[in-house]
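First up is the structure itself, then whatever we jot down about it.
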Amino acid sequence: MLAPFVTSPTAVPGSNRILPLSTVTLIEGNATEPGIWLHLSGERMRGSTRIVYGQVVRYDPAIAQLYALVEWTSPAGKLPAWQQITGSEATELIVNQTVGLEPSFKVYQVETLQSSTEPIRLEPISLEQAALDRQTFEDGLVLARSGLWSAARQTLESLKQQIDVANWSAAAQAQLDLISLHANATKTQAERDWASPSQQILAQLIDGRWGNALQLLQTTIRNGYDLSSLLAVDSDRIGRRVNAALQVNRNQPDVQIWGALVLAAQRDRAAAIAWLRQQSPTPDTNTRVQQVLNLVDPQSAPTITASHDSRMIGSATQVSSINAADWLRPQVDSPLALTGQQVWYRIQLANFHDGQHWRRSPFTDLNLPASGAALRLWSLLGLTNNSPIQILVWSADGQPQTIEATVKAARVSGGELQLLAAGSPTPSGNSPAGLPLLAMTLSTVSWLETGNVLTLSQLSQQQPDWAAALAVNLWRELQRADQVQAALADTASLLQEVGQWSVELVDLTGEGQLEAIFTFKPSLLEASSYVTASAQAANQEATQTLIFSAQGQLIYSELSTEAAQFWWRSPTPATARRLY
283 MLAPFVTSPT
293 AVPGSNRILP
303 LSTVTLIEGN
313 ATEPGIWLHL
323 SGERMRGSTR
333 IVYGQVVRYD
343 PAIAQLYALV
353 EWTSPAGKLP
363 AWQQITGSEA
373 TELIVNQTVG
383 LEPSFKVYQV
393 ETLQSSTEPI
403 RLEPISLEQA
413 ALDRQTFEDG
423 LVLARSGLWS
433 AARQTLESLK
443 QQIDVANWSA
453 AAQAQLDLIS
463 LHANATKTQA
473 ERDWASPSQQ
483 ILAQLIDGRW
493 GNALQLLQTT
503 IRNGYDLSSL
513 LAVDSDRIGR
523 RVNAALQVNR
533 NQPDVQIWGA
543 LVLAAQRDRA
553 AAIAWLRQQS
563 PTPDTNTRVQ
573 QVLNLVDPQS
583 APTITASHDS
593 RMIGSATQVS
603 SINAADWLRP
613 QVDSPLALTG
623 QQVWYRIQLA
633 NFHDGQHWRR
643 SPFTDLNLPA
653 SGAALRLWSL
663 LGLTNNSPIQ
673 ILVWSADGQP
683 QTIEATVKAA
693 RVSGGELQLL
703 AAGSPTPSGN
713 SPAGLPLLAM
723 TLSTVSWLET
733 GNVLTLSQLS
743 QQQPDWAAAL
753 AVNLWRELQR
763 ADQVQAALAD
773 TASLLQEVGQ
783 WSVELVDLTG
793 EGQLEAIFTF
803 KPSLLEASSY
813 VTASAQAANQ
823 EATQTLIFSA
833 QGQLIYSELS
843 TEAAQFWWRS
853 PTPATARRLY
C-alpha cells in the first residue's frame, strides 16, 4: 500500500511493503454512479492501533470490466462508506483517518470522464487552494488547515451569507462541507465528558473554545491537578492553532493568553511576556496573563507524558564513565545512576521523528530555550521519564539480539544530539568491540520481524538500478574492511561474486522507503578468488550488519570503524516507488 498510515499536517508517505488484501466487501451506502462498488481490504496492527487499509474497485456488469480506483488507509479502523456530505445530490466516499482527538476525513467526489479506459474517477476535496478569490475565504482555510474546524466553518458560513448565491461555487460549497464534517467531530468531542482533565481541556482547544479551555485549566489546577505535562507535550499542536487564530484576528485575548502559556512551557516566562507585548494586548489581558502564569508552573511536572511515539535511530557506544553535569534531564534533581550490572551507552542520534516529520543530523534548528530545555527536548523526541530504546547486537551464531536500555538524559552540542541510556552490557563474543551498535526505539521498526528476504540477483531482476548500486557500494565496503583485494566495476562481475547473498528489505524509518540489510560473514567469501588473507584468518561465522539506503548508499556498517556511522539522505521522488 502506498497510502499514508498516519495523519500529519504534512504529506506523509505510506508503506511500500506489499500488504495482503484479504477481504472483499460491498461499500456501504448508495453510490450515485452505477456499478458494483467494492472494498478490497486488509488490516495490520501498529502498536496498539488497528489500521484498516484497502483499495476501492468498481465493477461495470454492462461491459464486464473491473476498474481499480483509489487506495486508502484508516487508522480509525473503519471502512470507507458512501455518504451525502456536500450540498449536491451525489454521494461522496468518506475515509475516516482520525487519530486520537485530531479528526481527519478524506472525502472523494465521483467525477465522470469521457474515457473508455477511465470512465469514472474519485477526486479528493482539497483545502490547499481557495475555491473563491476572497481574503475571508482564505482566512477560513488557514483556520481549517491548522485544525480550527469550527472557527473555519463559522468564517465561511458568514461569508456565504454576505455574497450572491451565484458567486458561491460548487467547489466553495464542497470545501465548506468538508470543513463542517470535521467541525461536527470536534464539536462532539468538546461537548462530551472526559475522564482526564487534560483531555477535556485539549478537546476544548481543538474545537477553538479558548475561553472555556482557560477556565477549565484554572479550575483544574486550583483543584490540585498538575497540568504542566499538557503544556509541555501538546505545546506544538496548541501553538499551531494559536498562530492561525491570531493570523486571522489578532484581537483575541483568550488566544493571546494561551499563546503566552505555550511560550512559557516551551521557553520561559520572560519569553512569554516578550511575545505577548508584540500582540498589543489590552491592560486587562496583561493582568490576566500574569495571573495565569502565576498559577501555572510548566517546570514542576513530576511525570512526563509523551506527545507522540518515540521514533529514533542512532549508533550506540558503551562508555565507562559519565559527567552528570554534561547531560540534560527533565528532573534536574534525579541522579544519573546505574543499577545491578547495567552499563552506560552514549547514543549518537542520526534522525528522529518529532511527531510531524523526520529530522536529520546535524540538528541545528531545535531552538531549545535556556530554561526548560530538557522538557522541550523530551517533547520533540517523544520521550517519557524512562523511555526504552533497543540496541542491536549479533550472537556468535549470527542471530540478531537486542539489549533493552532506558534513556536517562540527553545533550545537544554543535548540531549533534546524544542520548545517555542505561542497559545491560554487550554479551562477550557478539558484535565487534569498539564499533558503534545500531540503536533504535521499538516504534521505529520491529527489527526481529522478518522483512522481505531475497537474493541480490533476484532483486536485480526486479530493481536493476538499485541492485547495481547496492552491489557496487557493498563491494567498496568489503574492500575498505580488507575483506576483498580487487576493485570490480561492472554489475555482472559483482553479481557473480555477491549475487547469491541474502538481502532483507525493511522500512527502518517509517518513511515509506525500504532499506537493504546485509548480514555479512567471512564464510560468504570462501569460494571467492578475491578474498584476502585477513578475511580467511578471521572467525568465519562472525556476523556484521551493513545497511544501505533506498538509493543504494551505505548508511551503517559494522565492518569498518570509519563506516560505522550514518549518512541519512533526504528521500527523492524516485525512491518512493514500489520496489517489487
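According to my numbering, the residues represented by the sequence shown are 283 to 862, in order. Built from N, CA and C at the ideal position, the CB exists for glycine as well.
Per the coordinates, the alpha-carbon of Ala687 lies some 37 Å from the alpha-carbon of Gly429. Annotation: the stretch 504-576 contains the following complete segments of the alpha helix (DSSP H) (minimum length 4 residues), in chain order: 510-515, 517-530, 535-548, 551-560. Taking the Cα positions, Val381 is about 32 Å away from Tyr341. Taken atom to atom, the span from the alpha-carbon of Leu620 to that of Trp626 is near 8 Å. Looking at the DSSP output, Arg762 sits in no beta bridge, so it has no partner there.
Secondary structure at Asn312: coil, using DSSP grouped into helix, strand and coil. Going by C-alpha positions, Leu361 is about 42 Å away from Pro612. Taking 8 Å as the cut-off, the beta carbon of Leu509 is found no closer than this to the beta carbon of Ser478.
With respect to Arg427, Leu409 sits close: the two C-beta atoms are nearer than 8 Å. Using a Cβ-Cβ distance cut-off of 8 Å, the stretch 796-803 and the stretch 816-832 are in contact, since at least three pairs of beta carbons, one from each stretch, lie closer than that value. Contact between the stretch 805-820 and the stretch 758-776 is present, with at least three C-beta pairs closer than 8 Å.
Under DSSP, Ile318 takes part in a beta bridge, and its partners are Tyr341. C-alpha of Ala526 to C-alpha of Leu487: approximately 13 Å in a straight line.
Contact check for Leu719 against Ile673 passes: the beta carbons are separated by less than 8 Å. By a beta-carbon distance limit of 8 Å, Ala749 contacts Leu741. Their separation comes to about 5 Å. By the neighbour-count criterion, in which a residue is buried when 16 or more other Cβ atoms sit within 10 angstroms of its Cβ, His635 is buried. Spatial neighbours of Leu738 in its own chain (CB-CB distance under 7 Å, excluding positions within 5 residues in sequence) are listed in chain order as Ala749, Leu752, Ala753, Leu777, Val780, Gly781, Trp783, Val785.
Listed in chain order, the non-local C-beta contacts of Ala413 below 6 Å within the same chain comprise Ser451, Ala453, Ala454, Gln457, local neighbours out to five positions each way being set aside.
Each of Gln573, Ser330, Gln630 was checked against the Cα of Val601, and the nearest Cα belongs to Gln630. Trp609 and Ala691 have their C-alpha atoms spaced approximately 6 Å apart. In this chain, Pro479 is not harboured by any beta strand (DSSP E); it is covered by the alpha helix (DSSP H) spanning 479-488.
Note on Ser811: under 16 other CB atoms within 10 angstroms of its CB, so exposed under the neighbour-count rule. Going by beta carbons, Asn633 and Arg642 fall inside the 8 Å limit. Membership of His635 in the beta strand (DSSP E) is indicated by the continuous run 625-635. Linking Glu823 to Lys803 through their CA atoms gives a straight-line distance of about 6 Å.
With a beta-carbon spacing of about 4 Å, Gly490 and Ala433 fall inside the 8 Å limit used to define contacts.
Of all alpha-carbon atoms in Val392, Arg435, Ile445, Leu395, the one lying nearest the alpha-carbon of Asp415 is that of Ile445. Secondary structure note for Trp431: its alpha helix (DSSP H) is the uninterrupted segment 431-444.
With 16 or more other Cβ atoms inside 10 Å of its own Cβ, Ala547 counts as buried.
In this structure, DSSP gives Phe419 a helical state, which the three-state scheme calls helix. With 16 or more other CB atoms across the displayed protein chains lying within 10 angstroms of its CB, Thr368 is buried.
Distances from the alpha-carbon of Thr331 to those of Ile309, Ser356, Ile300 put Ser356 closest. For Ser810, there is no enclosing beta strand (DSSP E), as DSSP marks it with neither H nor E. If you draw a straight line from the Cα of Ala832 to the Cα of Arg474, it is about 46 Å long. Residue burial is scored here from C-beta neighbours: Leu760 has at least 16 other C-beta atoms within 10 angstroms and is therefore classed as buried. Arg403 carries a strand assignment under DSSP once its states are collapsed to helix, strand and coil.
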